[in-house]
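In the numbering used here, the protein residues as written are 142 to 282.
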C-alpha cells in the first residue's frame, strides 16, 4: 500500500487541480463557451472520482491512526479540507450561474416562439396550423 504521506500529497495536488478546473469553468460560463463547459465538466467529474478514491485509500490505510497524531499530517488534512471547501463554494456559484443562464435561454426561446407565432399563423386545408412569413405580401389592391 502506498505511503500515507504520498497519498496526502496526491490528494492536495488533486484538490488544487479541481479548484483550478472550477475557476476555468467559471470563466467558460461567463464567456458562454458551451463546448468548453462540457469538456471542463468531464475533467471535473474525473477529478472528483479520483479524490473520492484517494480518500477511501487514506481512510483504509493501516498507518492512519499512528500518523494522525503528527502535526504534518494535520496540516495536510487541513489543507485538503480548506481547498475542498473553496471548491464547494465555487461549484455552487457555477451551478447557480448555469441555472440563471438556462432560465435566460428558456425565456428568450419562449419570446422567439411567441413572436414567430404572431407573425403569420394560418390554417391549411387540412385544418392544421401553418406559419407563413409572407402573409399578406402578395395582395394587389
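Where is the CB? At the ideal position from N, CA and C, for every residue including glycine.
How far does the alpha helix (DSSP H) with residue i in it extend, from its first residue to its last?
i, result
"residue 146", "145-172"
"residue 210", "Neither: residue 210 is in no alpha helix (DSSP H) and is coded neither H nor E."
"residue 176", "175-200"
Nearest-angstrom Cα distance between residue i and residue j?
i, j, result
"residue 215", "residue 209", "7 Å"
"residue 142", "residue 195", "Bear in mind that the predicted position of residue 142 carries a pLDDT of just 49, short of 50, making it too unreliable to give a figure here."
"residue 242", "residue 172", "11 Å"
"residue 219", "residue 178", "30 Å"
"residue 228", "residue 183", "16 Å"
"residue 174", "residue 251", "22 Å"
"residue 232", "residue 163", "7 Å"
"residue 244", "residue 176", "19 Å"
Given a threshold of 16 other Cβ atoms within 10 Å of its Cβ, counted over all protein chains shown, does residue i qualify as buried or as exposed?
i, result
"residue 205", "exposed"
"residue 230", "exposed"
"residue 226", "exposed"
"residue 181", "buried"
"residue 159", "buried"
"residue 156", "buried"
* To do: Check whether the segment 246-257 touches the segment 183-191, counting contact only when three or more Cβ pairs, one atom from each stretch, lie closer than 8 Å.
  => At 8 Å Cβ cutoff, the stretches do not touch.
* To do: Inspect the CB distances between the segment 166-186 and the segment 224-244 and report whether three or more fall short of 8 Å.
  => Taking 8 Å as the limit for Cβ pairs, the verdict is that the segment 224-244 does touch the segment 166-186.
* Any 3 or more C-beta pairs closer than 8 Å across the segment 192-206 and the segment 143-152 -> The answer is yes - the segment 143-152 touches the segment 192-206, with three or more Cβ pairs under 8 Å.
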